[in-house]
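Student: Residue numbers (the UniProt record's numbering), protein chains in the order written: chain A, 1 to 436; chain B, 1 to 445. Virtual Cβ for every residue (Gly too), placed ideally from N, Cα, C.
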Amino acid sequence: MPTRRARIPATKYPVERFTLDNGLRVVLTPDRSAPVIGVAVVYDVGIRSEPEGRTGFAHLFEHLMFQGSENLEKLAHFRHVQGAGGTFNGSTHLDYTDYYETLPSNALERALFLEADRMRGPRLTEENLRNQVDVVKEEIRVNVLNRPYGGFPWLTLPPVMFDTFPNAHDGYGSFDDLESATVGDAADFFRRYYASGNAVLAVSGDVDVAEATALIERHFGDVPARPAPDRPDFAEPDLTAERRTSYTDQLAPLPAVAGAWRVPDPVTDFAGYLPYVVLAEVLTDGDASRLVERLVQRDRSVTSLGGYLGFMGDPFDVRDPTALLLQAHLPPGGDVDKVLRTVDEELDRLATDGLTEGELARTQARMATHLLRDTDAVLGRALRMAVLEQQRGEPGLLNELPRLVGEVTDEQVRAAAATLRPERRASIEVIAGGAR
Amino acid sequence: MSATVETGTRPLPALGPNRRLKLPKQAERTLGNGLTVIAVRRSAIPLVELRLWMPFGRTHLARGGMLAQTLLSGTETHTATQLAAELQKVGGGLSAGIDPDRLMLSGAGLVTGLDRMLELLADVLTGATYPADWVETERDRLVDRIQVAQSQPAHLARTALLKRIYGRHPYAVQTPEPDQVRAVKPPVLRRLHAERVHPAGAVLVLVGDVQPERALDAAERALSGWTGEGQPAELPPAPPLEPGPLLLVDRPGSVQSSLRIALPAVPRTHPDHAALQLANLVFGGYFSSRWVENIREDKGYTYGPHSLVEHSVAGSVLVAAAEVATEVTAPALLETMYELGRLAALPPKPDELEQARQYALGTLQLGASTQAGLASLTSAYAGNGLRLDFLAEHAARLAAATVDDVAAAAARYLAPALAVTVVLGDAERVADSLATLTPVRTEST
């Protein structure tokens, strides 16, 4: 049995939920410890839902949501948020798209007005579309094309692991697809996916529940009701034979590799999924973790290593199908085969011999710190609760996560490790084309 | 076609009354060994943040880099793995970083583990051993990391800019060469540690769910045994900017150009600082700035342009940065110079200034609303001789700055004639058009 373990603390953020007549789901989580608020609106549409021939469209559309709306000229949204002392952004994920601001709490009503206005209707004009296609192309250049390891592995591994368009295509999009997008496409996308019934609003921080509820009804209550579209099933069968591929990155000076295995459905089988989340940390969190100790310190076959769930790194905001990923950078001339073989060996050892005394408890304590730290910012809380509401109808799960992580057992982690077999693995190797 | 929705007439809601900036409860003590400890209470989550700022100016670049890389590699009582595991047990972790001003140890953990984290911190400070095998591994890792950095356009542009701005000042080169790193051996690290890792002049910041006085007691218990005399290693003041030809650094095959523009700036305590910060916001310091609206939202030349006043111990500088499509490199520079000139020569509009002011004040509130934000802010201030009270003073100066003050600051600091400009990109494709705007000197990377 494990030795004395650090008591895993929990948060007790209050949660108020309700649904407006138009189908908009709302989550409030008040906390008056600092005069700031976080506001998040999450739409249930992401990269996986974009049509064939329109790669990158979900992300391009995210840009268009900032280009003016019913009562707001282009640039007004930015000016009103920042002119109230706040910051804002949005991001496109595989399964959702979020829009958010964090502000001094005296700007609550303004933030609600701004989000409601674009939920009623963004200004979709030819000029703004062409402008944002250019901006998105520069974004892709700066993050992918002009830098080493651009898009590795989140853009390069899915096409190895998956076969269907929704799961396998490039979510940043091809320049051809982006350039041929039309205002009509955008209007269709908005009508279909940006329905009040397909969205969740979360507000956290320095708010009074009754007052915030009244303001939300005032601003969002008359957003025309539209139901959520049916979400298609994106399921794909698990791999039955190893898949492996490689590509040359002309800018990369050193080799790199990423491998991934499918994991249980994060939503319908959360209890089955959670041990994999813990396993990723047992393997890679810090100098005392299994694979860092072995691959970095002992074998010196890799120079850096990461392990996580979901292609974008957050284990609690993804739906099926998803994966546990490991990625590593290698020294000059490093041997990728050997790295993958060693990973297999260490997974075998974990599955066979189990964890060492205290290994699990200390990993869980550190995971609790990370979870708590992420929710200290009001916006982190609003965003996570919005996604938990959307995908599970359970925003209060945020308070439970440190405890649930703490309840994962040695045996469950061991059993999870036993499923990460080479024949279920998809991997991709970056061949250094830029070696000096 | 246009699918514009009909424009309505809903009025923008007014802002509620401002809530005053409230400074958290804090306490400070200087220990007998010269270490200053500052503890700040923010109790929203049961964690504590730790920052230890140690003055480290004028350190040999490769040795300093390796010291940061290997400081946590083991002590007389713990191997590196044991150290990491012991920290993990209390939900904690530590990491070390270095820049030309300081060596910094940062971490966070469960507040119930504060005593243990401080004990382990003391163990590292007083007993780091730099074991040979570990040092060797970390040396290779650092070399690889430098190689990867040297393939990143942003790093290369920054390197060229620093060299151009600082000339012979210690700030000019901030990344060692791989060969210099390879030459660093454990005895050198042990000696450097003995000479420089001292409590005198260092500041430890603890922020979290703590009673400040008790946190100071805990730090005193754990760290009183850390001794050693500080060697003053004063940095000379950073040299003034010397405008000259645009420096074009060739990176053949680039699909973007990295534009970097340095302008003069002043330290946080200078009477012009608040006005300069506001002028910078109006120019390019936030999304609703003239520069972003021009080169991104109007012309689509770039994704994320931004400008920032950077403060270091020996001086401050304003840096504007944008990655722009290769084919629009010269037009982007033209628009940049236009926006700088327009702000330097004409006063900002009152509503523009109000918007920037609200942003500056609001982000002070936001930055102080988390444990991690407070810890980083407190530590950055302390490293420059300031305390958290400065937050309130600065807010008052931001609130008081007039259009005339901001116009004067813009004229004094943002004039295009003062700019030092570096462009990293495909010289063959951008040199001629840049030369139509300004004299250009080309270098290879």
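In chain A, which residues lie less than 8 angstroms from B/Thr9 when you measure between Cβ atoms?
Tutor: Walking along the second sequence from the start, residue 9 of chain B turns up at place 9. Under the 8 angstroms cutoff, chain A gives Asn71.
Student: Taking buried to mean at least 16 other C-beta atoms within 10 Å of its own C-beta, is B/Leu436 buried or exposed?
Tutor: The sequence position of residue 436 of chain B within the second sequence is 436, counting from 1. The question names Leu, but residue 436 of chain B is Thr in the sequence shown. With fewer than 16 Cβ atoms within 10 Å of its Cβ, B/Thr436 is classed as exposed.
Student: When you compare only the Cα positions, how much space is there between B/Ser312 and B/Gly385?
Tutor: Walking along the second sequence from the start, residue 312 of chain B turns up at place 312. Walking along the second sequence from the start, residue 385 of chain B turns up at place 385. Their backbone Cα atoms lie some 12 angstroms apart in a straight line.
Student: Within 8 angstroms (strictly less), CB to CB, does B/Thr443 reach chain A?
Tutor: As a position in the second sequence, residue 443 of chain B is number 443, starting the count at 1. With the sequence shown as reference, residue 443 of chain B is identified as Glu, and Thr is not the correct amino acid for it. Output row for B/Glu443: interface = no.
Student: How big is the Cα-Cα spacing for A/Leu350 and A/Ala417?
Tutor: Numbered from 1 along the first sequence, position 350 holds the residue referred to as residue 350 of chain A. Numbered from 1 along the first sequence, position 417 holds the residue referred to as residue 417 of chain A. Computed Cα separation, rounded: 7 angstroms.
Student: From B/Ser2 to A/Arg130, what does the alpha carbon distance come to, in whole angstroms?
Tutor: Walking along the second sequence from the start, residue 2 of chain B turns up at place 2. Walking along the first sequence from the start, residue 130 of chain A turns up at place 130. For B/Ser2, the predicted model reports a pLDDT of 41, less than 50, meaning its position is unreliable; a value from the coordinates is still stated below. So the alpha carbons of these two residues sit roughly 12 angstroms apart.
Student: Go through the region 148–178 of chain A residue by residue and report every complete run of the alpha helix (DSSP H) that reaches 4 residues or more, in order.
Tutor: If we require 4 residues or more, the alpha helix (DSSP H) runs fully inside the region 148–178 of chain A come out as 158–161 and 165–168.
Student: Check whether the region 44–61 of chain A and the region 184–197 of chain A touch, using three or more Cβ-Cβ pairs below 8 angstroms as the test.
Tutor: Contact holds: three or more Cβ-Cβ distances are below 8 angstroms.
Student: Determine the chain A residues that contact B/Gln152 at a beta-carbon separation under 9 angstroms, and present them in chain order.
Tutor: Counting from one through the second sequence, the residue named residue 152 of chain B turns up at place 152. Here the neighbours are Arg147, Pro148 and Leu251.
Student: Check each residue of the region 358–372 of chain B: if its Cβ is closer than 7 angstroms to any Cβ of chain A, include it; give the result in chain order.
Tutor: Listed by position along the chain: Gln358, Tyr359, Leu361, Gly362, Thr363, Gln365, Leu366, Ser369, Thr370, Gln371 and Ala372.
Student: Counting only Cβ pairs nearer than 8 angstroms, list the residues of chain A close to B/Leu47.
Tutor: One-based indexing of the second sequence puts residue 47 of chain B at position 47. Those are Thr369, Leu372, Arg373 and Asp376, listed as they occur along chain A.
Student: Output yes if chain A places a C-beta closer than 8 angstroms to the C-beta of B/Ala84; else output no.
Tutor: Translated into positions along the second sequence, residue 84 of chain B becomes position 84. Yes, its Cβ sits closer than 8 angstroms to a Cβ of chain A.
Student: Hey, is B/Gly92 close to the ligand MN, as in C-beta under 7 angstroms from one of its heavy atoms?
Tutor: Among the components modelled here there is no ligand, and therefore nothing to report on the ligand MN.
Student: From what residue to what residue does the alpha helix (DSSP H) around A/Phe270 run?
Tutor: Indexing the first sequence from 1 puts residue 270 of chain A at position 270. Where A/Phe270 is concerned, the enclosing alpha helix (DSSP H) stretches over Phe270 to Thr284.
Student: Can you confirm whether B/Gly300, when its beta carbon is compared against all beta carbons of chain A, has any partner nearer than 8 angstroms?
Tutor: Position 300 of the second sequence, counting from 1, holds the residue named residue 300 of chain B. So yes, B/Gly300 belongs to the interface.
Student: Indicate whether B/Gln88 and A/Arg381 have their beta-carbon atoms separated by less than 8 angstroms.
Tutor: For this step, residue 88 of chain B is matched to residue 88 along the second sequence. For this step, residue 381 of chain A is matched to residue 381 along the first sequence. No.
Student: What does A/Val203 pair with, by DSSP beta-bridge criteria?
Tutor: If you number the first sequence from 1, residue 203 of chain A lands on position 203. In DSSP, A/Val203 forms a bridge with A/Leu28 and A/Val39.
Student: Report yes if the CB atom of B/Ala369 is closer than 8 angstroms to the CB atom of A/Ala34, and no otherwise.
Tutor: Against the second sequence, residue 369 of chain B aligns to sequence position 369. Against the first sequence, residue 34 of chain A aligns to sequence position 34. According to the sequence provided, residue 369 of chain B is Ser. The question's Ala does not apply to it. A contact, by the Cβ cut-off of 8 angstroms.
Student: Counting pairs of beta carbons, one from the region 383–401 of chain B and one from the region 352–368 of chain B, are three or more of them closer than 8 angstroms?
Tutor: Yes, the region 383–401 of chain B is in contact with the region 352–368 of chain B.
Student: Relative to the C-alpha of B/Lys25, which candidate in B/Ala345, B/Ala215, B/Lys185 and B/Gly300 has its C-alpha closest?
Tutor: One-based indexing of the second sequence puts residue 25 of chain B at position 25. Per the Cα distances, B/Ala215.
Student: Find out if the Cβ-Cβ distance for the pair B/Val319, B/Leu308 is shorter than 8 angstroms.
Tutor: Here residue 319 of chain B corresponds to residue number 319 of the second sequence, with the count starting at 1. Here residue 308 of chain B corresponds to residue number 308 of the second sequence, with the count starting at 1. Yes. Within cutoff.
Student: Is the beta carbon of B/Ala427 sitting closer than 8 angstroms to the one on B/Leu248?
Tutor: Start at 1 with the first residue of the second sequence, and residue 427 of chain B comes out as number 427. Start at 1 with the first residue of the second sequence, and residue 248 of chain B comes out as number 248. For B/Ala427 and B/Leu248, yes; Cβs fall inside 8 angstroms.
Student: How long is the line joining the alpha carbons of B/Ala84 and B/Gly93, rounded to whole angstroms?
Tutor: Within the second sequence, the letter at position 84 stands for residue 84 of chain B. Within the second sequence, the letter at position 93 stands for residue 93 of chain B. Answer to the nearest angstrom: the Cα atoms are 7 angstroms apart.
Student: Between which two residues does the alpha helix (DSSP H) carrying A/His63 extend?
Tutor: As a working mapping, residue 63 of chain A is identified with position 63 in the first sequence. From DSSP, the alpha helix (DSSP H) with A/His63 extends over Phe57 to Leu64.
Student: From the DSSP output, in three-state form, read off A/Arg17 for me.
Tutor: For the purposes of this step, residue 17 of chain A is identified with residue 17 of the first sequence, where counting begins at 1. DSSP places A/Arg17 in strand when its eight states are reduced to three.
Student: Please tell me whether B/Phe56 has its Cβ less than 8 angstroms away from any Cβ of chain A.
Tutor: Taking the second sequence and counting its residues from 1, the one referred to as residue 56 of chain B is at position 56. By this cut-off, B/Phe56 is not an interface position.
Student: Please tell me whether B/Tyr130 has its Cβ less than 8 angstroms away from any Cβ of chain A.
Tutor: Position 130 of the second sequence, counted from the start, is the residue given in the question as residue 130 of chain B. No, B/Tyr130 lies away from the interface with chain A (no Cβ there is under 8 angstroms from its Cβ).
Student: Just the chain A side, please: which residues come within less than 9 angstroms of B/Gly93 by C-beta, in chain order?
Tutor: Sequence index remark: in the second sequence, residue 93 of chain B carries index 93 (1-based). The answer, in chain order, is Asp285, Gly286, Arg366 and Thr369.
Student: Would you report the Cα separation of A/Phe18 and A/Tyr99, rounded to the nearest angstrom?
Tutor: Position 18 of the first sequence, counted from the first residue, corresponds to residue 18 of chain A. Position 99 of the first sequence, counted from the first residue, corresponds to residue 99 of chain A. Computed Cα separation, rounded: 20 angstroms.
Student: Our contact map puts B/Gln365 next to B/Leu15 with C-beta atoms below 8 angstroms; I'd like the distance itself, whole angstroms only.
Tutor: Sequence index remark: in the second sequence, residue 365 of chain B carries index 365 (1-based). Sequence index remark: in the second sequence, residue 15 of chain B carries index 15 (1-based). The Cβ separation is near 13 angstroms, so there is no contact.
Student: Under a Cβ-count criterion, where at least 16 other Cβ atoms within 10 Å of its own Cβ denotes burial, should A/Tyr247 be classed as buried or exposed?
Tutor: Sequence index remark: in the first sequence, residue 247 of chain A carries index 247 (1-based). So A/Tyr247 ends up on the exposed side.
Student: Mind checking whether B/Val207 and B/Val90 have CB atoms under 8 angstroms apart?
Tutor: Residue 207 of chain B sits at position 207 when you count from the first residue of the second sequence. Residue 90 of chain B sits at position 90 when you count from the first residue of the second sequence. No; because the gap between Cβ atoms is not below 8 angstroms, this pair is not in contact.
Student: A/Leu239 and A/Thr11 look like a contact to me (Cβ under 8 angstroms); what is the Cβ gap, rounded to whole Å?
Tutor: Position 239 of the first sequence, counted from the start, is the residue given in the question as residue 239 of chain A. Position 11 of the first sequence, counted from the start, is the residue given in the question as residue 11 of chain A. Not quite, the Cβ-Cβ distance comes to about 38 angstroms (not below 8 angstroms), so this is no contact.
Student: In this structure, does DSSP put A/Ala258 in helix, strand or coil?
Tutor: Taking the first residue of the first sequence as 1, we reach residue 258 of chain A at position 258. Of the three classes helix, strand and coil, the one that applies to A/Ala258 here is strand, per DSSP.
Student: Return yes when the Cβ of B/Gly34 is within less than 8 angstroms of the Cβ of B/Gly225, no when it is not.
Tutor: Working through the second sequence from its first residue, we reach residue 225 of chain B at position 225. Working through the second sequence from its first residue, we reach residue 34 of chain B at position 34. Their beta carbons are not under 8 angstroms apart, which means B/Gly225 does not touch B/Gly34 by this criterion.
Student: I'd like the span of the beta strand (DSSP E) that includes B/Gln277, first residue to last.
Tutor: By 1-based counting over the second sequence, the position of residue 277 of chain B is 277. Looking at the DSSP string, B/Gln277 is not in any beta strand (DSSP E); the run it does join, the alpha helix (DSSP H), is His273 to Asn280.
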